[in-house]
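What follows is a short report on a single structure.
In the numbering used here, the protein residues as written are 126 to 468.
Take a look at the structure:
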């Protein structure tokens, strides 16, 4: 083995990481036509290339001619009838339901989120709400995982995203932090390994499942508050709808080359990826890989948010320090998300 082999390999890994960031051009195109905010994007289940955009919310059953709509209650409709076939509501519910989604595996189960900070599970076979939890902050969007049927993703007003296992709704299984304003939309990749979110901070972020930090960040100067986001059927593209009336198309992997890739190019790409993965713990390689340039307003808001969270942590620590031993105990952040479960 050459005495400089390791140093040369590290240099190649660093160059590969730099080249990936140099060629990261995620924006593909902007689709115009809307004159108001694009609130909803929907993917046609049996097509890789068809996406529909519109306003407000509803969801279609995957295998039967049924669809659900949301207002002050969830209504199930048959495509061939002019009246709802079922009305689903919680006995003490007074909220406006803002989003509803059918489970991707158990098609008789659907979930909704409401303006009173609730998350509710329904079963259309029994025609009633089965479980309902009240959360600390209101959720703006939900999406079922295509990989794990019991996992649901919630986009929250507190700038975070949460994944829950519906068998254990008392605490979230993961918390995803990076947005600096309310998260307005979320959607899973068809592979179930990634998901996309759009926020009031005018950014689109792509997350890896189980990794609650350092997401990929997309933004443009003209893009306003992002109200909807979705993956394409082949998981290669992400679409976002914003208040400026545009639907924007992004590459799911920012540095991916579009078009035909030769065998030699494919081998070079795989070699560079293996180098980056092998040297990902190196400080310089890790810094280049993780660094993302943000708009000045987002950067300043992120800096202010970190200062506020640190001040809150210090305040709680001092309060515990100056109270009687055992009187106050630190509470894990996951335990603070859900307030109560109603039956």
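For glycine and all other residues, C-beta sits at the position ideal for the given N, C-alpha and C. Remember, it's a predicted structure, so these values are computed and weren't measured experimentally.
Look up residue i in the DSSP assignment and give the residues it is bridged to.
i, result
"residue 278", "268 and 288"
"residue 382", "According to DSSP, which records beta bridges pairwise, residue 382 is partnered with nothing at all."
"residue 376", "362"
"residue 344", "None; residue 344 has no bridge partner."
"residue 332", "320"
"residue 467", "257"
"residue 313", "320"
"residue 152", "375"
"residue 293", "290"
"residue 239", "222"
"residue 355", "364"
"residue 234", "248"
Can you find the residues in the same chain that come closer than 6 Å, C-beta to C-beta, to residue i, ignoring five residues on each side of it along the sequence?
i, result
"residue 379", "149 and 151"
"residue 313", "268, 270, 271 and 320"
"residue 369", "349"
"residue 397", "141"
"residue 173", "358 and 359"
"residue 365", "323, 329, 351, 354 and 373"
"residue 453", "445"
"residue 162", "352 and 368"
"residue 156", "372"
"residue 343", "151, 329 and 375"
"residue 332", "301, 320 and 340"
Spatial neighbours of residue i within its chain, please: CB distance less than 8 Å, with the 5 preceding and 5 following residues excluded, ordered by chain position.
i, result
"residue 135", "404, 407 and 410"
"residue 362", "153, 356, 374, 375, 376 and 377"
"residue 210", "191, 201, 202 and 203"
"residue 413", "139, 142, 143 and 146"
"residue 187", "170, 227, 229 and 232"
"residue 465", "258 and 259"
"residue 455", "441 and 445"
"residue 427", "305 and 419"
"residue 317", "270, 271, 272, 273 and 334"
Tell me whether residue i sits in a helix, a strand or coil according to DSSP, three-state version.
i, result
"residue 245", "strand"
"residue 256", "strand"
"residue 138", "helix"
"residue 169", "coil"
"residue 394", "helix"
"residue 130", "helix"
"residue 461", "helix"
"residue 400", "helix"
"residue 213", "strand"
"residue 425", "helix"
"residue 430", "helix"
"residue 147", "helix"
"residue 414", "helix"
"residue 303", "coil"
"residue 226", "strand"
"residue 408", "helix"
"residue 177", "strand"
"residue 439", "helix"
Compute the beta-carbon to beta-carbon distance between residue i and residue j, rounded to the nearest angstrom, for a pair I have assumed lies under 8 Å.
i, j, result
"residue 259", "residue 425", "Between residue 425 and residue 259 the Cβ distance is about 33 Å, and since that is not below 8 Å, they are no contact."
"residue 326", "residue 423", "5 Å"
"residue 164", "residue 353", "6 Å"
"residue 257", "residue 215", "5 Å"
"residue 239", "residue 220", "3 Å"
"residue 430", "residue 305", "6 Å"
"residue 419", "residue 137", "That pair is no contact at about 29 Å."
"residue 177", "residue 193", "Residue 177 to residue 193, Cβ: 16 Å. No contact."
"residue 244", "residue 279", "7 Å"
Might you give, ordered along the chain, the residues of its own chain that have their beta carbon closer than 7 Å to the beta carbon of residue i, omitting 5 neighbours on each side?
i, result
"residue 307", "265, 282, 284, 324 and 325"
"residue 252", "211 and 213"
"residue 303", "330, 338 and 340"
"residue 463", "258, 260, 294, 295 and 296"
"residue 175", "169"
"residue 133", "none"
Taking 7 Å as the CB-CB limit, is residue i close to chain D?
i, result
"residue 263", "Looking at the structure shown, chain D is missing, and only one protein chain is on hand."
Inter-stretch contact (C-beta, 8 Å, three-pair minimum) for the segment 248-258 and the segment 266-282: In short, these stretches do not touch, since the Cβ pair count stays below three.
Contact the segment 221-228 vs the segment 189-199: 3+ CB pairs below 8 Å: Yes, the segment 221-228 is in contact with the segment 189-199.
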